[in-house]
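Written below as structure tokens is the structure these notes are about.
Protein chains: 2
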Amino acid sequence: MKQYPRPLARLINEISKLPGIGNKSAQRLAFHIIDLEEEEVKKLTEALLSAKKELKYCSVCGDLTEGDPCSICSNSQRRQDVICVVESPKDVMAMERTKAFDGLYHVLHGVIAPLEGVGPEDINLKSLIKRLQENDVNEVIIATNPNIEGEATAMYIGRLLKPSGIKVTKLAHGLPVGGDLEYADEVTLLKSLEGRSSL
Amino acid sequence: MKQYPRPLARLINEISKLPGIGNKSAQRLAFHIIDLEEEEVKKLTEALLSAKKELKYCSVCGDLTEGDPCSICSNSQRRQDVICVVESPKDVMAMERTKAFDGLYHVLHGVIAPLEGVGPEDINLKSLIKRLQENDVNEVIIATNPNIEGEATAMYIGRLLKPSGIKVTKLAHGLPVGGDLEYADEVTLLKSLEGRSSL
Chain A
5 MKQYPRPLAR
15 LINEISKLPG
25 IGNKSAQRLA
35 FHIIDLEEEE
45 VKKLTEALLS
55 AKKELKYCSV
65 CGDLTEGDPC
75 SICSNSQRRQ
85 DVICVVESPK
95 DVMAMERTKA
105 FDGLYHVLHG
115 VIAPLEGVGP
125 EDINLKSLIK
135 RLQENDVNEV
145 IIATNPNIEG
155 EATAMYIGRL
165 LKPSGIKVTK
175 LAHGLPVGGD
185 LEYADEVTLL
195 KSLEGRSSL
Chain B
5 MKQYPRPLAR
15 LINEISKLPG
25 IGNKSAQRLA
35 FHIIDLEEEE
45 VKKLTEALLS
55 AKKELKYCSV
65 CGDLTEGDPC
75 SICSNSQRRQ
85 DVICVVESPK
95 DVMAMERTKA
105 FDGLYHVLHG
115 VIAPLEGVGP
125 EDINLKSLIK
135 RLQENDVNEV
145 IIATNPNIEG
155 EATAMYIGRL
165 LKPSGIKVTK
175 LAHGLPVGGD
185 LEYADEVTLL
195 KSLEGRSSL
């Protein structure tokens, strides 16, 4: 049987490894890419490589950044005594879009999910404890996603920080339950920030 | 307002230029890529570049190929007197999967679509006429997609070839109307090949 020419088969194979892209989509994208100008393909590959090379995680908060520490951690204009804990860098962006929070962040890079074998030691939690010990923090706002794992992680962190006496709050359930923080619109997210409750 | 770090914003921008990928999907893919091993990202970019560099269109039939002429055009075991006209290289693959056609192909790279400003001179049609003049072809099977543009293109080619006396057929409407040839299953496509009718 006729096979696709090798470079095409290889490209389809590489593209179909990406999340949410099946074989048919990978084919469609591959054919699109072959029809692009070489210049365009180069721009895409350079963007891929430079994103991979130039981006790192902030050694303080764990957010994606070019410089270390990141622009938020190194901004002395922001409140240094409130830390908002989120699951991913996307969620930092979502919070920033509300323009209602001017404290610092801490990115967990995941949530506690025992069924998937992800425990508290597998997320960026140890460095949060360290930050709280070394800095004068008055409030930790937990902004994990409003689903089972997110809520469980919020509960866990709440219990973990109880002895420290630091005020721990979480976002109000203005967020649609079962949803994804990054897809929330600014107003909903703002409401949930205003209505945050003690944990 | 906080922006994504530049390399990330650039990557998201490049990815969202791809067809069928909106901004949210582009973000999701970009974050996935940043989390990949550098080795993996290199494999992807190399596949992109080599597909673009090593693939060309066959100077005879217009199919995608590494060598020129392509493996089908240069295969003397195949019937040289039947040419199947398709819209895209994907459709060559679809036809080959039926294992019921052993003639040659001609890839139009598009269809006549006056509303989009695509006329007969904008698709790979002139070289088909030349092939028919220079070779002894007994039948042209038109296998354009069973939608309005595809049917119109089939009609157009049928009328164009009428004076030549060459038998022109098109695939039977076993194909679901309004569908896409590349998504047809082998059996449907086989049936439509068997039931092809004179144009």
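Protein sequences, first through last, are from chains A and B. The opening position of the first sequence corresponds to residue 5 in this note's numbering, with each subsequent residue numbered one higher. The opening position of the second sequence corresponds to residue 5 in this note's numbering, with each subsequent residue numbered one higher. The beta carbon of each residue, even a glycine, is placed where N, CA and C say it ideally should be.
Taking 9 Å as the cut-off, the beta carbon of B/T157 is found no closer than this to the beta carbon of B/I133. Beyond the five residues adjoining it in sequence on each side, B/D106 comes within less than 7 Å, by CB distance, of R82 and R83 in the same chain, given in chain order. Going by DSSP, A/I161 is part of the alpha helix (DSSP H) stretching over I152 to L165. DSSP places A/K103 in the coil class of the three-state scheme, outside both helix and strand.
Taking the beta carbon of B/H36 as reference, the chain A residues within 7 Å of it are L22 and P23, listed in sequence order. Minimum Cα-Cα distance from B/I146 among the listed residues B/E198, B/K174, B/R32 and B/L193 corresponds to B/K174. Between A/V96 and A/V191, the alpha-carbon positions lie close to 16 Å from each other. Spatial neighbours of A/G162 in its own chain (CB-CB distance under 6 Å, excluding positions within 5 residues in sequence) are listed in chain order as V172 and L203. In the structure shown, B/L193 falls within a helical segment according to DSSP collapsed to helix, strand and coil. Rounded to whole angstroms, B/T102 and B/T69 show a C-alpha spacing of 20 Å. When 8 Å is used as the limit between beta carbons, A/R32 is near these residues of chain B: P23 and G24, in chain order.
Exposed is the label assigned to B/G169, since fewer than 16 other Cβ atoms lie within 10 Å of its Cβ.
In this structure, DSSP gives A/V45 a helical state, which the three-state scheme calls helix. The beta-carbon separation of B/E42 and A/K56, rounded to 6 Å, stays under the 8 Å limit for a contact. With a threshold of 9 Å between beta carbons, A/E58 makes contact with chain B. Identification of residues in the region 77-92 of chain B having a C-beta nearer than 8 Å to some C-beta of chain A yields S92, given in sequence order.
Secondary structure at A/E70: coil, using DSSP grouped into helix, strand and coil.
By the C-beta density criterion, B/H177 is exposed, having fewer than 16 other C-beta atoms within 10 angstroms. Listed along the chain, the chain B residues whose CB falls inside 7 Å of the CB of A/A51 are R14, L15 and E18.
Counting C-beta atoms within 10 angstroms of its own C-beta, B/H110 has 16 or more neighbours from the protein chains shown and is therefore classed as buried.
The region 12-29 of chain B and the region 47-64 of chain A touch, with three or more beta-carbon pairs separated by less than 8 Å. Setting aside the 5 residues that flank it on each side, B/L33 is surrounded in the same chain by I19 and I25, each with a C-beta closer than 8 Å to its C-beta; the list follows chain order.
Separation of the CB atoms of B/I116 and B/Y160 is rounded to 6 Å, and the pair is thereby assigned contact status at 8 Å. In the structure shown, A/L129 falls within a coil segment according to DSSP collapsed to helix, strand and coil. For a Cβ distance threshold of 7 Å, residue set P9, R10 and P11 of chain A lies close to B/E70, ordered along the chain. A/V144 and A/Q7 have their C-alpha atoms some 57 Å from each other.
Under the three-state reduction of DSSP output, A/E91 falls in the coil class, being neither helix nor strand. Remark: C-beta atoms of A/P150 and A/G199 do not approach each other more closely than 9 Å.
Counting of Cβ neighbours within 10 angstroms places B/L12 among the buried residues, the total reaching 16 or more. For the pair B/C62 and B/P73, the Cα-to-Cα distance works out to about 5 Å. For B/E143, the enclosing beta strand (DSSP E) has its first and last residue at E143 to I146. If you check the CB distance, B/L59 and A/I38 come in under 9 Å. Between B/L165 and B/M99, the C-beta spacing is not below 9 Å.
In this structure, A/V141 sits near A/V86, with a CB-CB distance shorter than 9 Å. Contact of A/S29 with chain B by beta-carbon distance below 8 Å involves G24.
Here A/V90 really is in contact with A/L112; their C-beta atoms are around 7 Å apart, less than 8 Å.
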